[in-house]
Amino acid sequence: MLKYRLTFGPIMIGIMLLIFYLDSKLDQLDITGTVLQDVFAGRTYLPSGLILLATIFLLILLGAGELCRIFNAKGIAASRSVVTLAGMSGCMMMYAIPHSADAKMTMAVAGTVICILFVLSLIKQCWIHKRTDGAVAAAAVTMFALIYMGLMPGFLVAIRRWYSPWVLLAVLLAVKSCDIGAYFTGRAIGKHKLIPWLSPGKTWEGLVGGVLFSGCIALLLAYLSNKFDVAGIYHTIDGVRTFVSNDFHLPRTFAAGLLMGAVGQFGDLTASLFKRDAGIKDSGNSIPGFGGVLDVVDSPVVVAPLAYWLLWYGTGL
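Heads up, the sequence shown is in the working numbering, so the first residue is 59 and it goes up one at a time.
#1: DSSP three-state call for Thr-113: helix, strand or coil?
#2: Are the CB atoms of Val-351 and Gly-121 within a distance shorter than 7 Å?
#3: Check whether the Cβ atoms of Gly-322 and Val-233 lie closer than 7 Å to each other.
#4: Below 8 Å, can you find three or more Cβ-Cβ pairs linking the segment 167 to 176 to the segment 197 to 212?
#5: Around the C-beta of Val-225, are 16 or more other C-beta atoms found within 10 angstroms, so that it is buried, or is it exposed?
#6: CA-CA distance, Phe-115 and Gly-259?
#7: Would you say Ala-136 and Cys-149 are within 7 Å of each other, going by their C-beta atoms?
#8: Based on the DSSP secondary-structure assignment, which residues constitute the bridge partners of Val-302?
#9: Considering Pro-258, what are the terminal residues of the beta strand (DSSP E) in which it resides?
#10: In whole angstroms, what separates the C-alpha of Thr-65 from that of Ala-99?
#11: Looking only at DSSP bridge pairs, what is Tyr-103 linked to?
#12: Where does the unbroken alpha helix (DSSP H) through Ile-247 begin, and where does it stop?
#13: Taking the alpha-carbon positions, what's the Asn-284 to Pro-309 distance?
#14: Cα separation between Tyr-79 and Leu-227?
#15: Take Ala-280 as the anchor and find which of Leu-110, Gly-337, Val-141 and Leu-369 has the nearest alpha-carbon.
#16: If you reduce the DSSP assignment to three classes, tell me which class Ile-128 lands in.
#17: Closest to Phe-271 by C-alpha separation, out of Lys-249, Gly-315 and Ala-193, would be which residue?
#18: Quick one: what's got a C-beta closer than 7 Å to Glu-263's C-beta in the same chain, skipping five residues either side?
#19: Which partner residues does Ile-253 have in the DSSP bridge list?
#20: Out of Leu-278, Thr-142 and Leu-76, which has the shortest C-alpha to C-alpha gap to Ala-313?
#21: Quick check: what's the CA-CA separation for Ile-71 versus Trp-255?
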């Protein structure tokens with residue numbers, strides 16, 4: 059297990075860095091006079107975060123099969139196509155949050171999509187499969203997928219629309235660093251079990267060590283961001299693409315790191331709850347040493363809404 063983690067962990071980090079690098083370069087791509095300018099309603103630059111959005115769509119596509127596996131293990135019929143559509147729709151709703159204060163159209167469209175997905179889940183269960191049993195469960199699965207696989211990770215792309223990709227990367231690193239800190243602290247001094255009936259390997263000492271490590275990583279990354287003007291977003295000012303930077307308040311960032319680390323562990327335990335209820339150890343086996351996609355993103359998904367609001371109130375998003 060550890061051997062695979064040490065092998066595939068750096069590979070995933072490398073892929074993630076490449077994605078964020080390409081996404082940052084896309085912010086500076088001038089599309090004036092190209093067909094893309096017509097596609098994006100006359101904009102001279104592409105919307106921020108398109109590569110990240112496509113990446114999350116891919117993860118939703120892979121994770122949908124794993125989520126259906128969890129539900130099927132409980133005897134609940136779950137359609138992979140509907141779950142995928144629900145997840146992508148929820149994510150797109152968050153990406154489409156308007157920059158202006160008038161959000162009437164966006165909210166109306168979002169509400170309509172939710173209603174359509176709800177009805178679609180019932181149609182697929184009752185009319186296509188010609189079954190009445192499981193109709194309520196099928197609708198519940200769709201709403202679950204919309205929230206857990208769509209709206210919650212959608213906050214990540216919402217953050218990306220306002221900030222440089224490196225800020226979002228810092229959020230992910232702060233959250234996942236809690237796992238690293240908890241693992242090594244627990245191995246070294248862990249004695250008191252956290253929730254033995256749910257996750258026997260986790261200890262209170264590991265939790266404290268992990269949360270503190272998250273706070274320290276967040277503090278370090280905020281310091282580096284302030285020093286090198288990484289936090290910010292590109293705005294078109296007087297026709298010129300300009301990077302407007304934001305500085306982080308270091309003590310508040312440390313506190314935010316602690317909070318995100320703790321909530322991330324809650325997300326990890328929540329995923330464990332789902333899997334234990336379904337009687338499976340991992341959501342999948344697509345990533346050796348880690349399990350499935352849902353096993354990797356369980357903590358960032360739950361932290362994403364929190365991170366969005368922390369950035370909003372902490373830096374005037």
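Glycine included, each C-beta is placed from N, C-alpha and C at the ideal position. Being a predicted model, the structure only gives us computed values, none of them experimental.
Well, looking at it:
#1: helix
#2: yes
#3: yes
#4: yes
#5: buried
#6: 32 Å
#7: no
#8: Ile-291
#9: 257 to 261
#10: 44 Å
#11: Asp-88
#12: 223 to 247
#13: 13 Å
#14: 10 Å
#15: Leu-369
#16: helix
#17: Gly-315
#18: Thr-243, Gly-244, Ile-247, Gly-248, Lys-249 and His-250
#19: Ser-257
#20: Leu-278
#21: 32 Å
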